[in-house]
Ligand code: PMP
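Numbering (our numbering), first residue to last: 66 to 521.
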């Protein structure tokens with residue numbers, strides 16, 4: 066790109082290393098700079114407006130201009146801009162939020178613990194699980210099972226739980242003690258003629274075989290997102306969580322529900338665990354907890370986790386874990402207000418109703434020549450593109466068609482994200498049916514343009 070010297074674009078290239086970006090290519094292409102947001106829209110530095118169909122990073126539930134969150138932040142900032150929860154200390158926003166989350170939980174939970182990101186929360190979950198095994202006198206019980214295509218973050222432990230190659234190649238990950246079982250992606254991975262129930266049974270059997278081969282007494286926990294997000298929006302097939310949980314229960318293995326994307330309404334219930342009948346021992350939440358206006362994340366733990374942890378901390382003298390910014394008062398105040406808004410405006414019902422409309426409208430594209438599968442639930446969906454519908458073969462390199470369509474869609478005023486060849490849609494929970502129609506119309510035009518290039 067021809068950035069003017071000293072322009073934001075030129076300075077970005079000079080000074081800024083981007084997350085999840087090809088750093089060499091960025092020196093050529095430069096950034097897309099977003100200047101402001103309103104409702105479901107954002108505007109770039111050229112004044113072009115987009116529907117933010119990813120809610121930022123699956124997270125801005127209440128939209129980009131919620132004044133009540135600004136006011137909540139300002140009130141707390143003036144009263145007490147910082148305090149912490151080390152050494153028995155605390156503050157009101159943190160206590161209020163802990164109580165709110167424990168009471169909101171769909172299964173009995175005991176305590177909330179606060180962190181700053183989804184990755185930190187999953188790291189913390191893993192440390193708590195190891196600590197618990199030691200407390201129970203089972204030091205051999207340290208292995209964690211997660212899934213291929215699962216996404217749990219990028220710290221050393223959470224990137225190890227993540228089951229995506231880009232998060233591990235050249236980072237010398239995963240670390241020891243993390244095992245990956247198959248992803249529940251029915252459309253890609255089911256055998257010919259296999260029903261969803263049969264596929265789920267096969268995956269549960271595979272999990273049990275893995276547990277038996279490793280030694281059940283060595284397996285501490287299973288981590289899973291109710292619906293996989295960054296792995297391509299994979300909705301579990303019929304019976305999946307029920308069968309997986311039956312295996313975990315048989316061997317006394319903890320379940321961690323990573324609700325970082327699904328939590329607070331995304332799937333049409335308050336939590337993905339409710340949508341899929343999951344009974345987790347630990348729930349990990351972030352993103353929509355504060356609509357990402359400020360970074361904050363939390364874990365809810367039940368007494369199966371809390372009680373041994375309390376004993377162990379008593380034996381050692383302290384629970385030697387915590388973050389300076391964990392439960393930050395301003396972030397906690399914003400999260401509380403955000404959860405109040407989600408409840409008062411019944412955005413969960415909106416996710417269910419407008420979500421049903423979005424799923425229906427997107428499925429109308431299933432007959433498009435480039436569309437292999439449309440999948441999703443509530444206000445989260447993916448449209449997976451293929452060059453050949455019969456063989457599900459990609460167009461050239463995997464991801465090339467997804468990248469092409471995503472670029473065209475952006476030109477047509479909608480920000481999505483292609484995970485390989487799957488275009489994801491996860492708009493703010495406040496989206497209306499009319500706005501969904503605009504989004505789907507833009508997608509159709511973009512797919513037609515992509516088809517012309519592919520066939521041309
Ligand atoms: N878990 C899930 C399910 C996620 O989607 C994400 C982020 N996309 C994370 C964990 C990691 O969160 P963070 O980026 O805040 O570390």
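Ideal Cβ positions, reconstructed from N, Cα and C, are used throughout, including at glycine.
Assignment of residue 85 by DSSP, reduced to helix, strand and coil, places it in the coil class. For the pair residue 151 and residue 363, the CB atoms are not nearer than the 8 Å cut-off.
Collapsing the DSSP output to three states places residue 292 in coil.
Within the model, the alpha-carbon separation for residue 154 versus residue 457 is close to 56 Å.
Remark: the C-beta of residue 217 is in contact range of the ligand PMP, defined as less than 7 Å to any heavy atom.
Counting only residues of its own chain and dropping the five nearest sequence neighbours on each side, residue 509 has a CB closer than 7 Å to the CB of 430. In this structure, the ligand PMP has no non-hydrogen atom nearer than 7 Å to the beta-carbon of residue 398.
Rounded to the nearest angstrom, the Cβ distance from residue 443 to residue 331 is 6 Å, consistent with a contact under 8 Å. Spanning the alpha carbons of residue 416 and residue 97 requires a straight line of approximately 29 Å. Cβ neighbours of residue 426 within its own chain (closer than 8 Å, five residues either side excluded): 501, 502, 505. Under the rule that a run must span 3 or more residues, the beta strand (DSSP E) segments found entirely inside the segment 104 to 190 read 106 to 109, 114 to 117, 176 to 180. Apart from sequence neighbours up to five positions away, the residues of its chain that approach residue 460 with a beta-carbon distance below 7 Å are 452, 466, 519, ordered along the chain. Counting along the chain, residue 438 sits inside the beta strand (DSSP E) bounded by residues 436 to 442.
Counting C-beta pairs closer than 8 Å gives three or more between the segment 399 to 412 and the segment 358 to 377, which meets the contact rule. Contact between residue 328 and residue 310 is absent: CB atoms are separated by about 19 Å, not below the 8 Å threshold. About 22 Å separates the beta carbon of residue 126 from that of residue 347, a gap too long to meet the 8 Å contact definition. Between the C-alpha atoms of residue 491 and residue 117 there is a straight-line separation of about 9 Å.
Spanning the alpha carbons of residue 507 and residue 487 requires a straight line of approximately 16 Å.
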